[in-house]
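Structure first, then comments.
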Amino acid sequence: MDQKYVYFFNEGNATMSELLGRKGANLAEMVNLNLPVPAGFTITTEACRRFYEEGKQIHPVISSQIEDALATLEQITGKAIGHPTRPLLVSVRSGSSISMPGMMDTILNLGMNDKTAVSLADNTGNPSFAYDSYRRFIQMFSDIVLNVDGSLFEAELTKMKERAGVVRDSDLSADQLFELVHIYKMIVAEETEEPFPEDPIEQLMLAIGAVFDSWYNQRAMIYRRIHKIPDHLGTAVTIQEMVFGNCGDTSGTGIAFSRHPSTGSPHLFGEFLLNAQGEDIVAGIRTPETLDLLKETIPRAYQKLTAVAQCLEKHYRDIQDIEFTVENNRLFLLQTRSAKRTAEAAIKVVVDMANENLISREEALMRVDPAFLCPLMQYTIDPQAELEVIGSGMGASSGAATGIITFDAEEAERLHRTGLSVILVRPETTPEDIHGMVASDGILTVRGGVTSHAAVVARDLGKPAIVGCGTFIVDLEERRLYTDTLTLNEGDVITICGSTGRVINGEAPLVPPTFSEEFRTLLMWANEVKILPVLGSVNTPKEARLARKLGAEGVGLCRTEQMFKDPHRRPVMTKMMLSRNQIERRKILNKLIPMQRKAFLGIFREMEGRPVTIRLIDPPLHEFLPNAETLTLEIERASVAGNTTEMEEKQALLERVKILHESNPAFGHRGCRLGITYPEIYECQTQAIAEAALELKKEGIFVYPRIIVPLLSDSHEMQAVRENVQNSLEQVFTLYEDRIDIPIGAFLELPRACLTADKMAAHADFFVFGTNDLTQSTYGFSRDDAEGKYLAYYLDHKILADNPFVVLDQEGVGELIKVGVTKGRLKNPDLKIGVCGDHTSEKHSVEFLQNAGLDFISCLPHKIPIARISAAQAAIKSLKRG
Ligand code: ADP
Ligand code: MG
Ligand code: MG
21 MDQKYVYFFN EGNATMSELL GRKGANLAEM VNLNLPVPAG FTITTEACRR FYEEGKQIHP
81 VISSQIEDAL ATLEQITGKA IGHPTRPLLV SVRSGSSISM PGMMDTILNL GMNDKTAVSL
141 ADNTGNPSFA YDSYRRFIQM FSDIVLNVDG SLFEAELTKM KERAGVVRDS DLSADQLFEL
201 VHIYKMIVAE ETEEPFPEDP IEQLMLAIGA VFDSWYNQRA MIYRRIHKIP DHLGTAVTIQ
261 EMVFGNCGDT SGTGIAFSRH PSTGSPHLFG EFLLNAQGED IVAGIRTPET LDLLKETIPR
321 AYQKLTAVAQ CLEKHYRDIQ DIEFTVENNR LFLLQTRSAK RTAEAAIKVV VDMANENLIS
381 REEALMRVDP AFLCPLMQYT IDPQAELEVI GSGMGASSGA ATGIITFDAE EAERLHRTGL
441 SVILVRPETT PEDIHGMVAS DGILTVRGGV TSHAAVVARD LGKPAIVGCG TFIVDLEERR
501 LYTDTLTLNE GDVITICGST GRVINGEAPL VPPTFSEEFR TLLMWANEVK ILPVLGSVNT
561 PKEARLARKL GAEGVGLCRT EQMFKDPHRR PVMTKMMLSR NQIERRKILN KLIPMQRKAF
621 LGIFREMEGR PVTIRLIDPP LHEFLPNAET LTLEIERASV AGNTTEMEEK QALLERVKIL
681 HESNPAFGHR GCRLGITYPE IYECQTQAIA EAALELKKEG IFVYPRIIVP LLSDSHEMQA
741 VRENVQNSLE QVFTLYEDRI DIPIGAFLEL PRACLTADKM AAHADFFVFG TNDLTQSTYG
801 FSRDDAEGKY LAYYLDHKIL ADNPFVVLDQ EGVGELIKVG VTKGRLKNPD LKIGVCGDHT
861 SEKHSVEFLQ NAGLDFISCL PHKIPIARIS AAQAAIKSLK RG
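Shown next, in the form of structure tokens:
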């Protein structure tokens, strides 16, 4: 027996979407539910693959199965394709197993020719309807199958409407439509040098081939690349009896959502057009009205639609996006699928559905994709603020950001490294700009639309972006940005709102995200099931407060060097790094201590009663040293101006910078290496930590500081730092005549530290893995260079499956973590071990970390809710596994 390539609707069901496409499978499912669906059948995706194997030919085995199915369809409907008195008209629809809305082609009203048009007019007594359907068919078929430019038809349609003095297509008379059909056929004859095909079977086979062919059209291919949909899936083709929304004022077509797709509100929502066919809405030719129009004009169809939407939602247990048509008061369903929705709606819907007992709480938690929630964590512009709006474009990626203007990726990266917030402004972006986009807080382009490179990448990175901001002229030479009334230079501050597309002069006040009641409920449910505690990685009291608000159960990592990145504190730090000897250094450190103590006091207060892990300073030299080239320029300038004192000072500085220069600062004199060679640095920091804790203890506030040592490679380093830190602690305790338990731990971010974890554990009270640097040091990739240069190529060519800086590499980095955990606990079975890094909110990584037996994860404040959901999902999965 030949393989089965064609399935009638009643032979399929929703689980068969791989074979029938999602559309075909769901049409079958609706038929099984006894819902009003026009009769039809689906040609499988296997037939599509075969089509390409045969060099774009429909194999005779397949065409004979199609002809058999067509005969059955004719029997069921009592009509026949091309029949002079009872003509059957069909749609030919595309649909793959993963829905790609609007990407491939669909042809309506197939089976029309001069004869069937006449009988359709006679049978319905409605010639304008018949010729409206005919002219639609010629236009669609010619555009899709015969490759005739669709605008040629549009132009004639517009001309005809002008001549007739009407605005809407549906106001054209039967005679005018008849004439239009004639004109359309002449266009086809002229463009293709062949008459329009009148034979309906020929029309059908050509249309099926064209739909298969549309799988590889440009927009479908781009859509698949963006959404990582494999090319080999292919599309199914559904042949379905036409129902007509264009036969008068008791007919129409629309799209309905069982709940609102952007707010999640549990009411039927949608769009409707009276006296129209489906593609009018999809193509945006006419602006549709709301479903209220249907409710008023055809109330019975509206009621039926409401009932059907509820039925479908109950059946699929998810919001449905339903395409329907009303023909002479009768409702027909043409498609249903799970609706695409905003993050806000996604959350509201699952929480509401769990409260309605439609799904369980676990299912509610499992259904949200944690990564998809990023837009909810963004800062927005304070709605109360008065703003100087200086331009506007298309909001391409939501959220707001303030930063200084910069015009190229390299500069963006450099400024970002020095701790500044940057808005990258470009005419447009290209793949070469990616490292600059990563380093920027927001992106603004003058050209491009919402699917341009800048927009797609920004959304991917979760960064606010505005594209197509034609208000501005960018002068890359002069490094300026113009509007009609204003000039902005590189270094000026602007704020962009990626949701509304507004550009604001200066710094606009931003407010942290507020969460809906449903989101808070979902997060509460997450806490009820998750196993891994989620801590915050914060550097300032302000960040600590936000982390607490978002549910941090403590601080997993406080990077002390980050406290010195603000413009006031930075020079002190720079001075410290430039000091020539211990005496000089101590003098400056004495200035640094009170600053640090103040910061620690603030963080401790915010985290009252919870652990706060503070990492001793790990300053990569180059981030704090003056730039040698800039200095050389300044010296020249001072010498030209005759300013000898300045010149000599700067020369001395340059000498010092040259001595401190490192060829590879990432692996340079930093971390514990600095702490060991200049012990006074860690002494001072320890002192500040202990003092802050004891001050608060006096006030009756309980805090749990922990100290952690960065960039360890050998246990002797840990031993040396530990001795030093303990001594300093004892000094403070003596002075205060009080003491407090401060565990001292090891930060594991180099492979050797993981491999020797048993020895480390002899001197460390706890471990924290730093997965960002561990990934860099395991791969030997420098993240900025990798992401800016070769990583995109690696991912495109599948050399690596995922970006290891986003999804934890379980085989390599994960293995080192496992070794570290095993060896560490071999030495000390009660050793507490945590992880911090950008992986700690990504769902696969979190699951791995939970199963590797870690005690906590720590992430940036705005990632905490995402981490909580990820942790809940990991727990639910392991619970299911038993
Ligand atoms: P897409 O995947 O682009 O949404 P569809 O195959 O769903 O393409 O077709 C687009 C529109 O065409 C549908 O929403 C529907 O309104 C209309 N349509 C498709 N088949 C029929 C039919 N048999 N009768 C009436 N309208 C139809
Ligand atoms: Mg559709
Ligand atoms: Mg590090």
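Residue numbers for the sequence shown follow the working numbering, beginning at 21 and rising by one. Using N, Cα and C, we set each Cβ at its ideal position, and we do this for glycine too. These numbers were taken from a predicted model, which means no experiment stands behind them.
Backbone CA spacing between residue i and residue j [nearest angstrom]
i, j, result
"Met-123", "Lys-360", "15 Å"
"Pro-104", "Ala-150", "14 Å"
"Thr-580", "Thr-438", "15 Å"
"Lys-315", "Phe-876", "54 Å"
"Arg-106", "His-335", "36 Å"
"Tyr-7", "Lys-611", "Because the chain is modelled from 21 through 902, residue 7 falls outside the range shown and cannot be assessed."
"Gln-602", "Pro-699", "10 Å"
"Gln-223", "Leu-130", "7 Å"
"Ala-327", "Asp-191", "32 Å"
"Leu-128", "Phe-61", "15 Å"
"Arg-522", "Gly-411", "6 Å"
"Ile-896", "Val-370", "16 Å"
"Tyr-399", "Ser-519", "11 Å"
"Ser-114", "Glu-261", "15 Å"
"Glu-364", "Ala-420", "17 Å"
"Ala-416", "Val-442", "18 Å"
"Lys-205", "Ala-321", "36 Å"
"Pro-881", "Phe-787", "21 Å"
"Tyr-25", "Met-397", "47 Å"
"Thr-652", "Gly-840", "46 Å"
"Thr-65", "Glu-218", "28 Å"
Assigned secondary structure, residue i (DSSP; H/G/I helix, E/B strand, else coil)
i, result
"Glu-737", "helix"
"Lys-863", "helix"
"Asp-1", "The chain is shown from 21 up to 902; residue 1 falls before or after that span and cannot be answered."
"Gly-41", "helix"
"Lys-852", "strand"
"Ile-727", "strand"
"Asp-512", "coil"
"Ser-111", "strand"
"Leu-166", "coil"
"Arg-759", "coil"
"Pro-822", "A quick correction: the sequence has Asp, not Pro, at residue 822. In this structure, Asp-822 counts as coil in the three-state DSSP scheme."
Closest by C-alpha distance to residue i, when choosing among the options
i, options, result
"Ile-908", "Phe-232, Pro-107 and Gly-98", "The structure shown does not extend to residue 908, since the chain is modelled only from 21 to 902, so the question has no answer here."
"Pro-308", "Gln-323, Val-841, Phe-292 and Asp-219", "Phe-292"
"Pro-553", "Gly-254, Thr-345, Leu-440 and Ala-572", "Ala-572"
"Ile-246", "His-473, Phe-173, Gly-857 and Ser-890", "His-473"
"Lys-76", "Ala-230, Thr-515 and Lys-179", "Ala-230"
"Gly-765", "Ser-659, Leu-651, Arg-726 and Asp-504", "Arg-726"
"Leu-496", "Leu-444, Asp-88, Arg-589 and Tyr-756", "Leu-444"
"Asp-22", "Ala-34, Gly-832, Pro-80 and Tyr-72", "Pro-80"
"Ile-342", "Ala-276, Thr-283 and Phe-289", "Ala-276"
"Ile-63", "Ile-228, Lys-179, Ser-193 and Ile-221", "Ile-228"
Check: residue i C-beta below 8 Å from any heavy atom of ligand 1
i, result
"Phe-277", "no"
"Val-855", "no"
"Ser-114", "yes"
"Pro-58", "yes"
Close-in-space but distant-in-sequence residues of the same chain around residue i (CB under 6 Å, 5 per side omitted)
i, result
"Met-36", "Ala-45"
"Ile-379", "Arg-337 and Met-373"
"Arg-446", "Thr-465"
"Val-723", "Phe-624, Ala-713 and Leu-716"
Own chain partners of residue i with C-beta closer than 7 Å, once the 5 adjacent residues on each side are dropped
i, result
"Phe-1", "Outside the shown range of the chain, which is 21 to 902, sits residue 1, and nothing can be said about it."
"Val-531", "Tyr-399, Thr-400 and Asp-402"
Heavy atom of ligand 5 within 8 Å of residue i beta-carbon
i, result
"Thr-345", "This structure does not include ligand 5; its bound ligands are ligand 1, ligand 2 and ligand 3."
Residue i Cβ short of 8 Å to ligand 2 heavy atom set
i, result
"Gln-398", "no"
"Gly-298", "yes"
"Pro-121", "yes"
"Lys-43", "yes"
"Leu-354", "yes"
"Thr-126", "yes"
Contacts around residue i, its chain only, beta-carbon distance under 8 Å, and the 5 residues preceding and following it disregarded
i, result
"Val-592", "Phe-584, Ile-608, Lys-611, Leu-612 and Met-615"
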